[in-house]
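Engineer: According to my numbering, the sequence shown holds residues 344 to 1069 in order.
For each residue, glycine too, the CB sits at the ideal point set by N, CA and C.
Once you've had a glance at the structure underneath, I'll fire off some questions.
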Amino acid sequence: MKKIIVVLLLLLTLGAQLFAQELTSPDGNFKFSFSLTQAGEPMYQLSYKSKPVIKQSRLGIEVKDQQSLASGFTLEKIETSRKDETWDPVWGEVKTIRNNYNELALTLTQSSPKQRSMIIRFRLFNDGLGFRYEFPRQPNLEHFVVKDEVTQFAMTGDHKAFWIPGDFDTNEYTYSTTTLTKADKSARVGSADEIATRNPINGAVQTPLMMKSADGLYINIHEAALVNYPAMILSINKGNLTLTSTLAPDAVGNKAYLQTPSHTPWRTIIVSDKAADILASKTILNLNEPSVIKDTDWIKPTKYVGIWWEMHVGVGTWYYADDVNLTLDNTDWKSLKPNGRHSANTTNTKRYIDFAAKNGFDGVLIEGWNVGWEDWFGQWKENVFDFTTPYPDFDVKELHRYAASKNVKLIMHHETSGSVTNYERRMDDAYKFMKENGYDAVKTGYVGKIIPRGEWHDGQWMVNHYNRVAKKTAEYKIMLDAHEPVRPTGLHRTYPNWLACEAARGNEFNAWSIGSPPEHETILPFTRIMGGPMDYTPGIFQIKMDYYVAKRPFNNQSPNGFAIHTTLAKQLALYVTLYSPLQMAADLPENYERFPDAFEFIKDVAVDWDDTQILEAEPGDFITTARKAKGKEAWFIGAITDEQKRTANMPLTFLKPGQKYLATIYSDKPDADWDKNPMAYQIENVIVTGKTILAINLAPGGGAAVSLKPATTEDLKKWKAYKVKK
């Protein structure tokens, strides 16, 4: 009798998981398994070094007014393949990227009531898994509406998570660090009044989601190649610890409109037992298509300054006049009385151009140059900006001439105010205007509720818009920096003119809100930056905001006494730890002139790299990163910490053997503290080799930056060899 029961149980177990298929990563560390239940539901699971990562989890798509694409399947076809190749990005963290995976493509078929098929394609890399749904051209599945995606990620425990609330309109919250079961939107939303547009979703968290298991696995869930589909957030079932893909709806509640042949974005799961490996992963990039731009010589990583921070700290304005209730097409802008505080004027812009030319910066960003800023914010107004009409005190032609004479490029700013229909109508005129006046780069902005009304920043309509802008700017040979967009998913491989995005809580929040805690920058590389570079705007030297009170000629929303929650040395380190080929020296020129020795690091640090080494990392605690400048024997190191002081250890084994280097170390003074003494820093020059291990003390909320260059004969005479301080 016992044998019969055992046999029956075995048959039931096998029957619940028909057609099991397995896949192993090229290095053998990952094991993946796919199966169909008796109901024909696709299921998968994943393990790393024999540790379970994802338990049995459902896959599939729910379709509106049609049979579900989540059950009723049989396995029709199995295809396997391998790839091991290298490719060179136009710009990036490394010179060459290896793309090495084993692939399993499963064709699933439904026979009733109509014959339909779907392919689920899995790629297993040495650092994780990517998979997507594909819908071949077929007579019984042509046009369809996605109602929901049932993709699940069943966790093996109540992992420690680094998260912001799921929100289809913003990524600008500060991070919480809790277990999954304690993720609750109220933890952050209550103190998030400074976010212009927010609609947090209860029980959901944003991607990229970073987690750490009790047994020491680091797990990152995100997506790659987000095209013609809404962005994904993750709803948490706190009972069974399962995360489920949740998609941004459109104005009538539908998630996506697809036509075969088509496919979804890739869902990505990056895993390691070393935190540094998560930051080094190139899986998301590898899952994107190669560059569609053949001639990329015009795409240049850029270091810039700009008319921007002075408005955030309240010593200038974006708007020219104090009038309100103005209309774009029926206002005589020259007849308005100037308020005397408008920052984007010809004289001030020339001052920034001079500063950029003197200090070797590539460009100058100018915000507030165009008419319409007087009453744009919060009005849900459609025709706010035309992107071609400057204010009366901004001489476009003269500034084009002046910047060219100084070999400096001007960077255009297009704030759409969320009125995307307006921007779509005017893009061609705007980009022609840019090219006529010497602008080769644009910073777009999407502050406010979206028009067409009812759409979300993360919905399919807006995702397609962001991608159209990338494509359209490429046609005009314009580089793109998008602010307030959907978070990136590696599309900068396909559109390398798309240099950076904001799509997270940037440095400006420290000027006029509760700010961001010291741990913020130690979490961003594990979350938001997993999908692509961030225009974080580092380099603030005047840390305490009360410095600006006497300089404010008008009442501003910036509260007195608020501060950047870092030390000055950490602001330098961010140029290395927060990767971007587009880096701003964000502070006012006069503040850099007050600290010329520290400013040398910003002037020297590269923005394009041949190699990157993550020397040590722990999400929410610390990161130490070393990068080699493109085409040069020069390395730069950045080390940052959270609110805890600590020692950053930097083995210099990446240096050329037998070569001596001059290391210039920018670090916190012993009494530095992000809150009490943030601007206390010190600079030291020492001689090092590849055998040296630097040990640098970081203050609470602090950091350190190091430049390493081959030592000259004069350097060897002048500076001593490094010794660890006791």
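(1) Taking H685 as part of the alpha helix (DSSP H), name the residues at either end of that continuous run.
(2) Can you tell me where the beta strand (DSSP E) with T417 in it begins and where it stops?
(3) Kindly identify the DSSP beta-bridge partner or partners of Y518.
(4) Secondary structure at N853, three-state DSSP: helix, strand or coil?
(5) Can you grab the Cα-Cα spacing for the pair H800 / F375, in whole Å?
(6) Tell me which residue opens and which closes the alpha helix (DSSP H) that Y809 is part of.
(7) Among Q458, S454, E477, R459, which one has its Cα closest to the Cα of F465?
(8) DSSP on P868, reduced to helix/strand/coil?
(9) Taking 8 Å as the cut-off, decide whether the C-beta atoms of L995 and V1031 are in contact.
(10) Who are the Cβ neighbours of L366 in its own chain at under 7 Å, not counting the five residues just before and after it?
(11) Do the CB positions of G983 and L917 come within less than 8 Å of each other?
(12) Quick check: the stretch 622-633 against the stretch 713-732, are at least 3 beta-carbon pairs closer than 8 Å?
(13) For E845, tell me which candidate among I857, V790, E936 has the shortest Cα-Cα distance.
(14) So, helix, strand or coil for P939, using DSSP?
(15) I need the DSSP call for D1058, collapsed to helix, strand or coil.
(16) Going by DSSP, which residues form a beta bridge with N443?
(17) Secondary structure at H743, three-state DSSP: helix, strand or coil?
(18) Would you be able to state if there are at least three C-beta pairs under 8 Å between the stretch 972-981 and the stretch 942-956?
(19) In this structure, does DSSP put D772 in helix, strand or coil?
(20) What alpha helix (DSSP H) runs, 4 residues minimum, are completely inside the stretch 532-613?
(21) Does DSSP put M1022 in a helix, in a strand, or in coil?
(22) Where does the unbroken alpha helix (DSSP H) through K693 begin, and where does it stop?
(23) Measure from the alpha carbon of G596 to the alpha carbon of each residue in A1047, V488, E717, Y935, then state which is nearest.
(24) What distance in whole Å lies between the Cβ atoms of I636 and P839, which are believed to be in contact at a cut-off of 8 Å?
(25) Quick one: complete beta strand (DSSP E) runs, 3+ long, within the stretch 952-990?
(26) Near P942, what residues of its chain come up, given a Cβ to Cβ distance below 7 Å and the 5 sequence neighbours on each side ignored?
(27) Just to confirm, is the Cβ distance from Q453 to G509 under 8 Å?
(28) Nearest by alpha-carbon distance to Y1074: which of L834, Y391, R768, T816 is it?
(29) Check for me: the alpha helix (DSSP H) holding W652 runs from which residue to which?
(30) The beta strand (DSSP E) spanning Q722 covers which residue range?
(31) Taking 8 Å as the threshold (C-beta atoms), are K528 and H551 in contact?
(32) By DSSP's criteria, K786 is part of a beta bridge. Which residues make up the other side?
(33) Could you tell me whether the stretch 823-833 touches the stretch 882-892, where touching means 3 or more Cβ pairs closer than 8 Å?
(34) Verify whether the separation of the beta carbon atoms of Y922 and E515 is less than 8 Å.
(35) Pull up the CB-CB distance for V919 and T990, whole angstroms please, since I reckon it's below 8 Å.
(36) Taking 8 Å as the threshold (C-beta atoms), are V707 and G797 in contact?
Structural biologist: To lay it out plainly:
(1) One-based indexing of the sequence shown puts residue 685 at position 342. No alpha helix (DSSP H) holds H685; DSSP gives it neither H nor E.
(2) Against the sequence shown, residue 417 aligns to sequence position 74. Membership of T417 in the beta strand (DSSP E) is indicated by the continuous run 417-430.
(3) Taking the sequence shown and counting its residues from 1, one reaches residue 518 at position 175. In the DSSP output, where bridge partners are listed per residue, Y518 has none listed.
(4) Numbered from its first residue, the sequence shown carries residue 853 at position 510. The answer is helix: DSSP assigns N853 an H, G or I state.
(5) Start at 1 with the first residue of the sequence shown, and residue 800 comes out as number 457. Start at 1 with the first residue of the sequence shown, and residue 375 comes out as number 32. Rounded to whole angstroms, H800 to F375 spans 34 Å at the Cα level.
(6) In the sequence shown, the residue the question calls residue 809 occupies position 466. Bounds of the alpha helix (DSSP H) holding Y809 are 803-818.
(7) Stepping through the sequence shown from its first residue, residue 465 is reached at position 122. Nearest option by C-alpha distance: E477.
(8) For the purposes of this step, residue 868 is identified with residue 525 of the sequence shown, where counting begins at 1. Helix, per DSSP.
(9) The count along the sequence shown starts at 1 and reaches residue 995 at position 652. The count along the sequence shown starts at 1 and reaches residue 1031 at position 688. Taking 8 Å as the Cβ cut-off, L995 and V1031 qualify as a contacting pair.
(10) Counting from one through the sequence shown, the residue named residue 366 turns up at place 23. Within the same chain, L366 has close Cβ partners F375, N445, L447, F465, L467.
(11) The residue labelled residue 983 in the question sits at position 640 within the sequence shown. The residue labelled residue 917 in the question sits at position 574 within the sequence shown. The sequence shown places Ile at residue 983, not Gly. Yes, Cβ-Cβ distance for I983 and L917 is below 8 Å.
(12) Inter-segment contact for the stretch 713-732 and the stretch 622-633 is absent: fewer than three beta-carbon pairs are separated by less than 8 Å.
(13) The sequence position of residue 845 within the sequence shown is 502, counting from 1. Measuring from the Cα of E845, the nearest candidate turns out to be V790.
(14) Against the sequence shown, residue 939 aligns to sequence position 596. Helix, per DSSP.
(15) Stepping through the sequence shown from its first residue, residue 1058 is reached at position 715. Residue state, collapsed to three classes: helix.
(16) In the sequence shown, the residue the question calls residue 443 occupies position 100. Answer is D427, bridged to N443.
(17) Taking the first residue of the sequence shown as position 1, residue 743 is located at position 400. If DSSP states are grouped into helix, strand and coil, H743 belongs with the helices.
(18) The answer is yes - the stretch 972-981 touches the stretch 942-956, with three or more Cβ pairs under 8 Å.
(19) Here residue 772 is taken as the residue at index 429 of the sequence shown, counted from 1. It is helical.
(20) none
(21) Within the sequence shown, residue 1022 is the residue found at index 679, counting from 1. Of the three classes helix, strand and coil, the one that applies to M1022 here is coil, per DSSP.
(22) Looking up residue 693 in the sequence shown gives position 350. Run containing K693: 689-702, per the alpha helix (DSSP H) assignment.
(23) Position 253 of the sequence shown holds residue 596. Selected option, being the one with the closest Cα: V488.
(24) Indexing the sequence shown from 1 puts residue 839 at position 496. Indexing the sequence shown from 1 puts residue 636 at position 293. Rounded, the Cβ-Cβ distance is 6 Å, consistent with contact.
(25) 952-961, 965-972, 978-984
(26) As a first step, residue 942 must be located in the sequence shown, where it is residue number 599. For clarity, residue 942 is Phe in the given sequence; the question names Pro instead. Within its own chain, the residues whose Cβ lies closer than 7 Å to the Cβ of F942, once the five positions on either side in sequence are excluded, are Y935, listed in chain order.
(27) Translated into the one-based positions of the sequence shown, residue 453 becomes position 110. Translated into the one-based positions of the sequence shown, residue 509 becomes position 166. Cβ atoms of Q453 and G509: not closer than 8 Å.
(28) Here the chain covers residues 344 to 1069 and nothing more, so residue 1074 does not appear.
(29) The sequence position of residue 652 within the sequence shown is 309, counting from 1. Here the alpha helix (DSSP H) through W652 covers 652-655.
(30) Numbered from its first residue, the sequence shown carries residue 722 at position 379. That residue, Q722, is in no beta strand (DSSP E); it is neither H nor E in DSSP.
(31) Position 208 of the sequence shown, counting from 1, holds the residue named residue 551. Position 185 of the sequence shown, counting from 1, holds the residue named residue 528. Here the sequence assigns Pro to residue 551, which means His is not the residue at that position. Going by C-beta atoms, P551 is not nearer than 8 Å to K528.
(32) Taking the first residue of the sequence shown as 1, we reach residue 786 at position 443. DSSP, once it has assigned bridges, lists H756, D824 as partnering K786.
(33) no
(34) Position 579 of the sequence shown, counted from the start, is the residue given in the question as residue 922. Position 172 of the sequence shown, counted from the start, is the residue given in the question as residue 515. No, Cβ-Cβ distance for Y922 and E515 is not below 8 Å.
(35) As a first step, residue 919 is located in the sequence shown; it is residue number 576 there, counting from the start. As a first step, residue 990 is located in the sequence shown; it is residue number 647 there, counting from the start. At roughly 18 Å, the Cβ-Cβ gap does not stay under 8 Å, so V919 and T990 are not in contact.
(36) Counting from 1 along the sequence shown, the entry for residue 797 is found at position 454. Counting from 1 along the sequence shown, the entry for residue 707 is found at position 364. Not in contact: G797 and V707 (Cβ atoms no closer than 8 Å).
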